[in-house]
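In our numbering, the protein residues as written are -9 to 313. Here a beta-carbon is modelled for each residue, glycine too, at the ideal position from N, C-alpha and C.
What follows is the structure in structure tokens.
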């Protein structure tokens, strides 16, 4: 791992440090085998995403099955077109298991929580490797905090997807709560994107807070978080165009093409998140460490003179000569 250095930060300007860190990020990703870490994260993403979506659809389906089916089709619009039929069929088959709905829901919730915990544990390990720091926290402190973070991560994931795909009758209900007539629906359309931005920002910050102590400050995670979201949007759009236009996966994998496209898209998404984390690590190396505050020196205590002992006056004394 490279040592912390202040080279490139002599000017003290943040844009100069960002440019240097951005140039170093691809090299550091190659050296740290980030593509392998992204593959491990993809494995646990698959184990966490499907149970989470299934639990959300099952709970909504108990209240209103029609809304659940509508949300199912809206959820499928978030994945690449090549894998959309496979994802829809898998979630549809799971949501139609009415005979043991509660049992499957509980098992799915536990599976999603365990997979999200493992996902965060790997993200914590890779961030410590990026910063060249060893995690010395004991398990009895790490496991409960990571489990709570996993719960928050799943809640933010479901909330973000629900806000993004919320349409139809659910929007009309929210619109009536926000205002009468068309004013409520218009207010929801205006609030939808800022709310989604807040949820996605919280999701990224939860991931980045699993790193070393210096990387857990929210202000230090903002540059890498912004880069991760930007990379995810660009790479997802580019990969969707490639997968739907070129047709390479259909010729290579046949009936498995949809599943492969979905897995590759998850890998690209995790790679974007790790690129943002690597960018933050490079910024941390370029930022001069803050000197710890010097403790105030307490004043020396004033000792009282000893009892029964004459105190000599300060300064030299002159002898008196007798005549």
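So, residue i versus residue j, is the Cβ gap smaller than 7 Å?
i, j, result
"residue 9", "residue 272", "no"
"residue 213", "residue 123", "no"
"residue 352", "residue 146", "There is no way to answer for residue 352, as the model of the chain reaches only from -9 to 313."
"residue 200", "residue 114", "yes"
"residue 79", "residue 34", "no"
Excluding five sequence neighbours on each side, which residues of the same chain lie with their C-beta closer than 7 Å to the C-beta of residue i?
i, result
"residue 111", "136"
"residue 208", "195"
"residue 21", "none"
"residue 148", "42, 46"
"residue 206", "199"
"residue 29", "257"
"residue 215", "191, 194, 195, 198, 266"
"residue 150", "186, 189, 190, 193"
Decide if residue i is buried, meaning its Cβ has at least 16 other Cβ atoms within 10 Å, or exposed.
i, result
"residue 270", "buried"
"residue 231", "exposed"
"residue 17", "exposed"
"residue 245", "exposed"
"residue 4", "exposed"
"residue 121", "buried"
"residue 251", "buried"
"residue 7", "buried"
"residue 275", "buried"
"residue 255", "buried"
"residue 234", "exposed"
"residue 176", "exposed"
"residue 138", "exposed"
"residue 31", "buried"
"residue 129", "exposed"
Spatial neighbours of residue i within its chain, please: CB distance less than 6 Å, with the 5 preceding and 5 following residues excluded, ordered by chain position.
i, result
"residue 95", "45, 48"
"residue 116", "27"
"residue 181", "none"
"residue 99", "45"
"residue 24", "264"
"residue 281", "Its pLDDT being 49, under 50, residue 281 is placed unreliably by the model, and nothing is read from it."
"residue 268", "15, 18, 19, 120"
"residue 197", "113"
"residue 192", "146"
"residue 258", "225, 229"
"residue 277", "none"
What residues in its chain sit with their C-beta under 8 Å from that of residue i, if we drop five residues either side in the sequence?
i, result
"residue 144", "38, 42, 102, 103, 106"
"residue 134", "none"
"residue 125", "114, 115, 118, 132, 202"
"residue 204", "121, 210, 274"
"residue 140", "103, 106, 107, 109, 110"
Counting Cβ pairs closer than 8 Å, one from the stretch 89 to 109 and one from the stretch 33 to 40, do we hit at least three?
yes
Is the stretch 220 to 230 in contact with the stretch 252 to 271, if contact means three or more CB pairs nearer than 8 Å?
yes
With a threshold of 8 Å, are at least 3 pairs of Cβ atoms found where one atom belongs to the stretch 225 to 234 and the other to the stretch 185 to 202?
no
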